[in-house]
Amino acid sequence: MTTARAPDPHSPGRETGGLILVVEDERPIADLIRLYLTRDGFGVHVCADGPAGLAAARRLRPVLCVLDIALPGMSGTEICRQLRADGDWTPVIFLTARDDETDRIVGLELGADDYVTKPFSPRELVARVRAIRRRALGPPDAEPVHTLGPIALDPARRTVTAAQGPVALTSTEFDLLAHLIRRPGRVFTRDELLAAVWGYAAHAGTRTVDVHIAQVRAKLGAAAAVIRTVRGVGYTADG
Ligand code: CA
């Protein structure tokens, strides 16, 4: 367990990418991820087992977690589940086995923001990390609160309120909803949403979008009617 560079994780500026927690028990993979993320300006803290990873996530408050699924002691999905149960919505990217779609879907349903399939290119992982960080740094403070039906979405504070009160969304869920709500009535294809929200077009599957939409709807409760499925095309938000 070592920390390469140590920017203050509580105030990640644009010049330092912030601290990324990597929980990966395969040392060569962990070293490779550390190399690429460090080179890209992020601080990196590596843990090699699940319990240490969960403890580090709670103690260090990283700006993003990269979690392997199969880990000694506790799985990556369990770490994510426990963080979310604590009300911790730190973005999570899972490293999953190529052929395990179940892991991927379970991970996304647990509130992961994205996943990368092993074997992966470190550049691809860095691109995903950067996409999530770029979105988290967000639009200018000047962007007004958007309201649609019972939903109020505040891009500056990254909060969503519906009739029942505040809605706790993951970073990706927020960005997906924000993308739809910023252009009410416009129908987006799944590919368009992948490109706009995840920041890359050529993704393994559009199922990712469906899973996230389902999560957003579940959290919105009665307000979920605002998101409409357009059969054979994609999704739209209208009041
Ligand atoms: Ca592993």
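The opening residue of the sequence shown carries number 1 in the numbering used here; numbering runs sequentially from there. Cβ coordinates follow ideal geometry from the N, Cα and C atoms, glycine included. Quantities reported herein were computed from a predicted structural model and do not represent experimental measurements.
Under 8 angstroms by Cβ, that's how I've got residue i and residue j pegged, so tell me the actual separation to the nearest angstrom.
{"i": "G53", "j": "V23", "result": "3 angstroms"}
{"i": "T90", "j": "P62", "result": "6 angstroms"}
{"i": "V226", "j": "L148", "result": "6 angstroms"}
{"i": "I132", "j": "V116", "result": "That belief does not hold up - the Cβ atoms of I132 and V116 are roughly 12 angstroms apart, past 8 angstroms."}
{"i": "D31", "j": "D49", "result": "Not quite, the Cβ-Cβ distance comes to about 16 angstroms (not below 8 angstroms), so this is no contact."}
{"i": "L180", "j": "T236", "result": "7 angstroms"}
{"i": "A56", "j": "H45", "result": "6 angstroms"}
Taking the continuous alpha helix (DSSP H) assigned at residue i, which residues delimit it?
{"i": "V216", "result": "207 to 220"}
{"i": "F94", "result": "First-last for F94: 92 to 97, but that is the beta strand (DSSP E), not the alpha helix (DSSP H)."}
{"i": "E76", "result": "Residue identity check: residue 76 is Gly in the sequence provided, not Glu. That run of the alpha helix (DSSP H) goes 76 to 85."}
{"i": "G50", "result": "50 to 60"}
{"i": "A178", "result": "171 to 182"}
{"i": "I29", "result": "27 to 39"}
{"i": "I105", "result": "101 to 109"}
Near residue i, which residues of its chain fall below 6 angstroms by C-beta distance, leaving aside the five closest residues on each side in sequence?
{"i": "V250", "result": "In the structure as shown, the chain starts at 1 and stops at 239, and residue 250 therefore has no counterpart that could be examined."}
{"i": "T206", "result": "R190"}
On a CA-only basis, which of the options is nearest residue i? Give me that one, please.
{"i": "D114", "options": "P144, G73, I69", "result": "I69"}
{"i": "P184", "options": "V167, V197, A214, R228", "result": "R228"}
{"i": "L19", "options": "L193, K118, E26, R59", "result": "R59"}
{"i": "Q82", "options": "F188, L110, L153, T161", "result": "L110"}
{"i": "G247", "options": "R217, V230, T161, I151", "result": "Nothing can be reported for residue 247: it is not among the residues displayed for the chain, which extend from 1 to 239."}
{"i": "R123", "options": "R34, L64, A85", "result": "R34"}
{"i": "A64", "options": "T38, V129, P51, D99", "result": "The sequence as given places Leu at residue 64; Ala does not occur at that position. Checking every option, the nearest Cα to that of L64 belongs to V129."}
{"i": "G87", "options": "V167, I29, P72", "result": "V167"}
{"i": "P119", "options": "A156, P28, V230", "result": "P28"}
{"i": "A85", "options": "V216, G234, T170", "result": "T170"}
Which residue marks the beginning of the beta strand (DSSP E) containing residue i, and which one marks its end?
{"i": "R228", "result": "227 to 230"}
{"i": "V129", "result": "Element bounds for V129: not the beta strand (DSSP E) but the alpha helix (DSSP H), 122 to 137."}
{"i": "L19", "result": "19 to 23"}
{"i": "D114", "result": "114 to 118"}
Only counting the same chain, and skipping five residues up and downstream in sequence, which positions put a Cβ closer than 7 angstroms to that of residue i?
{"i": "R182", "result": "H146"}
{"i": "H212", "result": "L108, T172, E173, L176"}
{"i": "Q164", "result": "G221"}
{"i": "L209", "result": "The question names Leu, but residue 209 is Val in the sequence shown. The residues are R190, L193, L194."}
{"i": "A202", "result": "In this prediction, A202 scores a pLDDT of 49, lower than 50, which makes its location untrustworthy; the coordinate-derived value is nonetheless stated afterwards. Same-chain partners within the cutoff: there are none."}
When you compare the CB of residue i with every CB in chain C, is at least one pair closer than 9 angstroms?
{"i": "I29", "result": "Here there is only one protein chain, and chain C is not present."}
Return the chain-ordered list of same chain residues with a C-beta closer than 8 angstroms to the C-beta of residue i, the five sequence neighbours on each side being excluded.
{"i": "V106", "result": "T77"}
Compute the minimum distance between the beta carbon of residue i and the heavy atoms of ligand 2, and state whether it is under 8 angstroms.
{"i": "F94", "result": "No copy of ligand 2 occurs in the structure displayed; its ligands are ligand 1 alone."}
Check: Quick one, what's near ligand 1 if you take every residue whose CB is closer than 5 angstroms to any heavy atom, in chain order?
Finding: The set of residues with any CB-heavy atom separation to ligand 1 below 5 angstroms comprises, in chain order, D25, D68, A70.
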